[in-house]
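**Student:** If you're matching positions, the first sequence starts at 64 in this note's numbering and goes up one per residue. All C-beta atoms in this analysis are idealised placements derived from N, C-alpha and C, irrespective of residue type, glycine included. Here the structure is a predicted model, which is why all the values come from computation and not from measurement.
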Amino acid sequence: MSTASWSIWQPLDIDWAPSPEVLAENLDGGQAFRWHSDNGVWTGLWSENVAQLCLRDGAHQWRAPPSMHARVARELPRYLGADLDWPALVDSLPSRSDPHLTRCLAAYPGLRILRQPFGETLLGFLCSATKQIVQIKQMLALLAKQHGLPVVSDSSLVTGYSSHRLPTWPALAAIPEADLRACQLGFRARFIHQTALFLAAHPGWLTETEQLPYTAAKARLMELPGVGEKVADCVLLFGAGKLEAFPVDTWVLKSLARRYDLVGWKPAQVAQFGRAHFGPLAGVAQQFLFSWERAHGGR
DNA sequence: AGGCAGGTGGCCA
DNA sequence: TGGCCACCTGCC
Numbered sequence: 064m065s066t067a068s069w070s071i072w073q074p075l076d077i078d079w080a081p082s083p084e085v086l087a088e089n090l091d092g093g094q095a096f097r098w099h100s101d102n103g104v105w106t107g108l109w110s111e112n113v114a115q116l117c118l119r120d121g122a123h124q125w126r127a128p129p130s131m132h133a134r135v136a137r138e139l140p141r142y143l144g145a146d147l148d149w150p151a152l153v154d155s156l157p158s159r160s161d162p163h164l165t166r167c168l169a170a171y172p173g174l175r176i177l178r179q180p181f182g183e184t185l186l187g188f189l190c191s192a193t194k195q196i197v198q199i200k201q202m203l204a205l206l207a208k209q210h211g212l213p214v215v216s217d218s219s220l221v222t223g224y225s226s227h228r229l230p231t232w233p234a235l236a237a238i239p240e241a242d243l244r245a246c247q248l249g250f251r252a253r254f255i256h257q258t259a260l261f262l263a264a265h266p267g268w269l270t271e272t273e274q275l276p277y278t279a280a281k282a283r284l285m286e287l288p289g290v291g292e293k294v295a296d297c298v299l300l301f302g303a304g305k306l307e308a309f310p311v312d313t314w315v316l317k318s319l320a321r322r323y324d325l326v327g328w329k330p331a332q333v334a335q336f337g338r339a340h341f342g343p344l345a346g347v348a349q350q351f352l353f354s355w356e357r358a359h360g361g362r
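1) Going by the DSSP bridge assignment, what does threonine 106 pair with across the sheet?
2) Taking buried to mean at least 16 other C-beta atoms within 10 Å of its own C-beta, is glutamine 195 buried or exposed?
3) In angstroms with no decimal places, state the Cα-to-Cα distance between threonine 272 and arginine 126.
4) With H, G and I counted as helix, E and B as strand and the rest as coil, what does DSSP make of glutamine 247?
5) To the nearest angstrom, how far is it from the Cα of glycine 346 to the Cα of alanine 264?
6) With H, G and I counted as helix, E and B as strand and the rest as coil, what does DSSP make of arginine 126?
7) Pick out whichever of Thr193, Leu86, Lys208, Ala259 has its Cα sitting closest to the Cα of phenylalanine 250.
8) For the 8 Å Cβ check, are there 3 or more pairs between the region 225-242 and the region 204-211?
9) Let me know the secondary structure DSSP gives proline 213 once reduced to three states.
10) What runs of the alpha helix (DSSP H), each 4 residues or longer, lie entirely inside the region 262-330?
11) Helix, strand or coil for glutamine 257? Go by DSSP, reduced to three states.
12) Taking the alpha helix (DSSP H) that threonine 231 falls in, what are its first and last residues?
13) When the distance is taken between beta carbons, is leucine 90 closer than 7 Å to tryptophan 105?
14) May I ask which residues mark the beginning and end of the alpha helix (DSSP H) holding glutamate 150?
15) By DSSP's criteria, glutamine 73 is part of a beta bridge. Which residues make up the other side?
16) Who are the near neighbours of threonine 66 in its chain, counting only those whose CB is closer than 6 Å to its CB and skipping five residues on each side?
17) Mind listing, in chain order, the continuous alpha helix (DSSP H) runs of no fewer than 4 residues lying wholly within the region 330-359?
18) Please report the residue range of the alpha helix (DSSP H) in which arginine 166 lies.
19) For proline 83, name the three-state secondary structure that DSSP assigns.
20) Between the Cα of lysine 329 and the Cα atoms of Thr313, Phe341, Gly342, Arg159, which residue gives the shortest distance?
21) Roughly how many angstroms lie between the CA atoms of glutamate 307 and leucine 300, to the nearest whole one?
22) In chain order, what residues of the same chain have a beta carbon less than 6 Å from the beta carbon of proline 129, not counting five sequence neighbours either side?
23) Pick helix, strand or coil for arginine 134, following the three-state DSSP scheme.
24) Is it the case that the Cβ atoms of alanine 348 and phenylalanine 341 are separated by a distance below 7 Å?
25) Excluding the 5 residues preceding and the 5 following valine 135 in the sequence, name in chain order all residues of the same chain whose CB lies nearer than 6 Å to its CB.
26) In whole angstroms, what separates the C-alpha of arginine 321 from that of proline 180?
27) Do you know offhand how far glycine 291's Cα is from serine 68's?
28) In whole angstroms, what is the alpha-carbon distance linking isoleucine 199 and glycine 187?
29) Does the region 83-99 come close enough to the region 165-180 to have 3 or more Cβ pairs within less than 8 Å?
30) From this set, Asp148, Pro83, Ser110, which residue's C-alpha is nearest cysteine 117's C-alpha?
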């Protein structure tokens, strides 16, 4: 990784100090698929941005290419959730009567929900069906490399895992499905292709959807091919700040079955239980349960 | 070496 | 409404 042209490290001026493990869980725990670490330095891409994060002398620091330094300084805090008071949010979760949630909260201090670009979050989770995080990251990196613009004009600046932005939805609409399949997307290529065509035919649809309340936004998203309950909830939680969204994937299904005695419950039933039990911040609770369950492999 | 993976949609009773 | 299964393909 060439580092000659990065700006100097800046202190991350937000009230957040996760351990290296929790930082990894935030950036690479299944919310986002565009971060990778190299010798303790995390490099991540979103929208037209690329940034690096690291922990030095006990404090988090960041840097970006000079050409986008000001923009990243403005947008990185929001991306990392700095608009919200996370200690207060976590404190308001119904954990006092919930020993397992208490245990999960204690295990991941500093775990947050990222606020990612809506359209990119949709693309990421359209790729996620029956795929592990590493593979989703590979698909998106390939898609970016083949069909996205270089993130900076100087190609020597950012090398390695990925140096290109994700293609926008208008760009995706112009890509034949066969070319998408060449990016290891498999059967997801058809969903992405059809979604891209739909969005191209409905300008403003995505932005309007992002601004709707949770229930209406979810119903709209589920009109898209390849978007069911789970993907819609992920997009709204990680890409629109809808903290009441409660995505039920296999890990959350296992978590609720095992820790809340919901053996045999269907995903839709578990989702309803989650929203009722964990309340308006169910998505936050979900992320802690998810991280715990994935780390403990069902034990 | 194969089964399986952070689902969805379509088809059938 | 509820259950089953095909869909692609590369990791563990």
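**Tutor:** The answer reads as follows:
1) His99, Gln115
2) exposed
3) 32 Å
4) coil
5) 31 Å
6) strand
7) Thr193
8) yes
9) strand
10) 268-274, 277-284, 292-303, 313-322
11) helix
12) Threonine 231 -> no alpha helix (DSSP H), and no H or E assigned at all.
13) yes
14) Strictly speaking, residue 150 in this sequence is proline, with glutamate absent from that position. Per DSSP, proline 150 belongs to the alpha helix (DSSP H) from 149-154.
15) Trp125
16) Interpretation of threonine 66 is limited by its pLDDT of 47, a score under 50 that renders its predicted location unreliable; the figure taken from the coordinates is listed afterwards. So the list is empty, once near-sequence residues are dropped.
17) 330-341, 345-359
18) 162-170
19) helix
20) Thr313
21) 8 Å
22) Ser70
23) helix
24) yes
25) Asn112, Ala114, Ala127
26) 33 Å
27) 43 Å
28) 7 Å
29) yes
30) Pro83
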